[in-house]
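Student:
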Amino acid sequence: MPIAAALLVVALVFALPRVAHADDVSLADPVLSEAQCAIVEDSAGNVLYSKNADTQMPMASITKVMTAMVALDSGMDLDTPCQIHATDLGADSQTAGFVEGDTPTLRQLLRVMLIYSANDAAENIALNVAGSEDAFVELMNEKAQELGMTNTHFMNPHGLDEDGHYSTVSDLALMGRIALSEYPFIAGTVHTRSVTVSVAGAQKTFYSTDELLGTYKGIRGIKTGYVAGSAAFLGACQRNGVELFTCVLGAQTSSGRFTDTVSLLNWAYSNFKQTFVAKSSWVVGARPYACNFAMTCLVTPTDDETAVTWPQGGSLSFSTTMLQRNMVVDDGQLVGSTAWSQDGRSAGSVHYTARLILDNIPRVNVFTLPLYGYAA
């Protein structure tokens, strides 16, 4: 049977309840005072708003998120004492003041770098992990390519302005989502207000450069940046179960980057809603097992949880593609997907995988729910 004939495609549009004063689903853009580039995404990477999303700009100290990721990827023990090397980062560079003879652990260097944005911490992380700055930067660029950051290039581990050191709000939002979801150390550190370490023989406390911590409900970090009159902020916020990621680049002032971030978040939380539409525990169908027709494969969502995010009020359309019920499948085989959209904007998607079972398990047909309107 041709593949096309084995697939069943369902495309539907359903209306969502309108909220008060939501008579028009065409949303006005958030008001930004300074940012030349900006983006706000949900936890799945669906873009809710963007401005010059792919314009290459200085990323400043947001660089340090990648520095932390590469250092953690190295497998170096976080409690390893690090040798401090003299650095020439410029008189105006923000540093912790580490001196030769200090022996902070990698953990301490990472925390001072991410919380206080200390450039000497970033430089010494690179030297201790890779042996040289050039070798470490090569790892940073390899990691960027691995993550799909196609408009990003690193020249140093700290973010000081340098030709060829640039990124975009789209790439940085992607990096932020991965940093918080796959690196628990980073997620915990960027949400911390201060860190105390020994510097030049004395205990010293360093405070976060993130002015939104403790002042904006749900903020989780991530990283500030500032070079040559260009302020930046990579942010994450979770409120009522909805996680959003923001990035602003090219703000004229330090306060402007926070003002514009708050504007993006307020706009998104006021105008968008999020609903979980799939969980890996849901059984949405069954197909015969290719290796033994007497056995059955259950069809379940591939990911643990999947949510869609869309403007409140208006309609959401979706399309489901699924192998027909008489088609045999292998254990672990991809058998279908559903994609949601509104006015051409992606709202979310889910894939379905066949899973071999040894016992008969009652099926829960989630396709009969309003979000699907389709029987498996």
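Mind the numbering: the sequence shown is residues -22 to -1, 1 to 354 in mature numbering (1 follows the signal peptide of the UniProt record, and there is no 0), read in order.
Quick reminder that beta carbons are idealized off the backbone N, C-alpha and C, glycines included.
Just so you know, these numbers come straight off a predicted model, no measurement behind them.
#1: Reducing DSSP to helix, strand and coil, say where W260 ends up.
#2: In three-state terms, what does DSSP make of I103?
#3: What ranges does the alpha helix (DSSP H) occupy inside the stretch 159 to 226, keeping only unbroken runs of at least 4 residues that lie completely in it?
#4: Tell me, which residues are paired with H131 by DSSP?
#5: Keeping to the same chain, check which residues put their C-beta closer than 6 Å to that of S258; ignore five residues upstream and five downstream.
#6: Determine the DSSP secondary structure at A(-1), reduced to helix, strand or coil.
#7: Using a 10 Å radius around the Cβ and a threshold of 16 neighbouring Cβ atoms, would you call V77 buried or exposed?
#8: Spell out the partners DSSP gives W318 in its beta bridges.
#9: Taking Cβ positions, are A210 and R235 nearer each other than 9 Å?
#10: Can you tell which of C269, L334, G154 has the C-alpha that lies nearest to the C-alpha of M44?
#11: For A178 and G109, I'd like the C-alpha separation in whole angstroms.
#12: To the nearest angstrom, how far is the alpha carbon of T170 from that of S186?
#13: May I ask you to report which of helix, strand or coil DSSP gives L249?
#14: Per DSSP, what are the beta-bridge partners of K29 in this structure?
#15: Who are D80's beta bridge partners in DSSP?
#16: Below 8 Å on the Cβ atoms is my guess for M118 versus I103; work out the distance and round it to an integer in Å.
#17: Where do the N-terminal and C-terminal ends of the beta strand (DSSP E) with N270 fall, by residue?
#18: For G192, collect the residues of the same chain with a Cβ closer than 6 Å to its Cβ; drop the 5 residues on either side in sequence, then sort them by chain order.
#19: For I335 and S208, what's the separation of their Cα atoms in angstroms?
#20: Could you work out which residue in V261, V220, V226, P266 is closest to S248 when comparing CA atoms only?
#21: If you compare alpha carbons, which of Q230, T299, G322, P59 is closest to T331?
#22: Alpha carbons only, please: which of G196, S295, G314, V307 is nearest the one belonging to Q320?
#23: Using the beta-carbon count (16 or more within 10 Å), is R303 buried or exposed?
#24: Whole angstroms are fine: how far does the CA of T183 sit from the CA of V175?
#25: Of the choices V18, L5, V147, whose alpha-carbon is the least far from that of A38?
#26: Can you check DSSP and say which residues form a bridge with A229?
#27: Give me the Cβ distance between L276 and A264, rounded to the nearest whole Å; I'm assuming they're in contact under 8 Å.
#28: Tell me which residues share the same chain as D55 and place their Cβ nearer than 8 Å to its Cβ, disregarding the 5 neighbours each side in the sequence.
#29: Might you give, ordered along the chain, the residues of its own chain that have their beta carbon closer than 8 Å to the beta carbon of D139, omitting 5 neighbours on each side?
#30: Which residues in the same chain have their Cβ closer than 6 Å to the Cβ of L212, if we skip the five residues on either side of it in sequence?
#31: Rounded to whole angstroms, what's the CA-CA distance from Q123 to F271? Just pull it up for me.
#32: Looking only at its own chain, which residues have a Cβ that is under 8 Å from the Cβ of V115, when we skip the five neighbours before and after it?
Tutor: According to the structure data:
#1: The count along the sequence shown starts at 1 and reaches residue 260 at position 282. Correct three-state label for W260: coil.
#2: Taking the first residue of the sequence shown as 1, we reach residue 103 at position 125. In the structure shown, I103 sits in a helix (DSSP, three-state: H, G or I).
#3: 162 to 167
#4: Translated into positions along the sequence shown, residue 131 becomes position 153. BP columns for H131 point to Y144.
#5: To locate residue 258, count along the sequence shown from 1; it is residue 280. The answer, listed in chain order, is T278, P279, D282.
#6: Within the sequence shown, the letter at position 22 stands for residue -1. Since pLDDT at A(-1) reaches only 31, below the 50 mark, its modelled position is unreliable, and the value read off the structure follows with that caveat. It is coil, neither helix nor strand.
#7: Position 99 of the sequence shown holds residue 77. Classification of V77: exposed, given that the 10 Å Cβ count is below 16.
#8: The residue given as residue 318 occupies position 340 in the sequence shown. DSSP, once it has assigned bridges, lists F296, G326 as partnering W318.
#9: Within the sequence shown, numbered from 1, the residue matching residue 210 stands at position 232. Within the sequence shown, numbered from 1, the residue matching residue 235 stands at position 257. Taking 9 Å as the Cβ cut-off, A210 and R235 qualify as a contacting pair.
#10: The residue you call residue 44 lines up with position 66 of the sequence shown. The candidate whose alpha carbon is nearest that of M44 is G154.
#11: In the sequence shown, residue 178 corresponds to position 200, counting from 1. In the sequence shown, residue 109 corresponds to position 131, counting from 1. Taking the straight line joining both Cα atoms gives about 23 Å.
#12: Position 192 of the sequence shown, counted from the start, is the residue given in the question as residue 170. Position 208 of the sequence shown, counted from the start, is the residue given in the question as residue 186. The straight-line gap from Cα to Cα measures roughly 7 Å.
#13: Taking the first residue of the sequence shown as 1, we reach residue 249 at position 271. It should be pointed out that residue 249 corresponds to Asn in this sequence rather than to Leu. In this structure, N249 counts as helix in the three-state DSSP scheme.
#14: Taking the first residue of the sequence shown as 1, we reach residue 29 at position 51. Partner(s): A16.
#15: Sequence index remark: in the sequence shown, residue 80 carries index 102 (1-based). Answer by DSSP bridge pairing, in chain order: E78.
#16: Position 140 of the sequence shown, counting from 1, holds the residue named residue 118. Position 125 of the sequence shown, counting from 1, holds the residue named residue 103. Contact doesn't hold; Cβ gap of about 11 Å is too wide.
#17: Here residue 270 refers to the residue found at position 292 of the sequence shown. 270 to 279 is the span of the beta strand (DSSP E), which, as asked, contains N270.
#18: In the sequence shown, counting from the first residue as 1, residue 192 sits at position 214. Contacts found: none.
#19: For the purposes of this step, residue 335 is taken as residue 357 along the sequence shown, with counting starting at 1. For the purposes of this step, residue 208 is taken as residue 230 along the sequence shown, with counting starting at 1. Computed Cα separation, rounded: 57 Å.
#20: By one-based count along the sequence shown, residue 248 stands at place 270. Among V261, V220, V226, P266, the Cα nearest to that of S248 is on V220.
#21: The residue given as residue 331 occupies position 353 in the sequence shown. The shortest C-alpha separation from T331 is found at T299.
#22: As a working mapping, residue 320 is identified with position 342 in the sequence shown. Nearest option by C-alpha distance: S295.
#23: Taking the first residue of the sequence shown as 1, we reach residue 303 at position 325. Per the 10 Å Cβ criterion, exposed.
#24: Here residue 175 refers to the residue found at position 197 when the sequence shown is read from its first residue. Here residue 183 refers to the residue found at position 205 when the sequence shown is read from its first residue. V175 and T183: Cα-Cα distance of roughly 7 Å.
#25: Along the sequence shown, read from residue 1 onward, the residue named residue 38 stands at position 60. Looking at the Cα atoms, V147 is the closest of the given residues.
#26: Against the sequence shown, residue 229 aligns to sequence position 251. Paired residues: A209.
#27: Looking up residue 276 in the sequence shown gives position 298. Looking up residue 264 in the sequence shown gives position 286. About 6 Å separates the two Cβ atoms, so the contact holds.
#28: What you label residue 55 is simply residue 77 of the sequence shown in a count that begins at 1. These residues qualify, in order along the chain: L84.
#29: Within the sequence shown, numbered from 1, the residue matching residue 139 stands at position 161. Cβ within range, chain order: P36, A38, V205, A206.
#30: Indexing the sequence shown from 1 puts residue 212 at position 234. Here the set comprises I40, L150, G154, I200, K201, C225.
#31: Along the sequence shown, one-based indexing puts residue 123 at 145. Along the sequence shown, one-based indexing puts residue 271 at 293. Q123 and F271: Cα-Cα distance of roughly 43 Å.
#32: Position 137 of the sequence shown, counting from 1, holds the residue named residue 115. A104, F132, M133, N134, P135, listed in sequence order.
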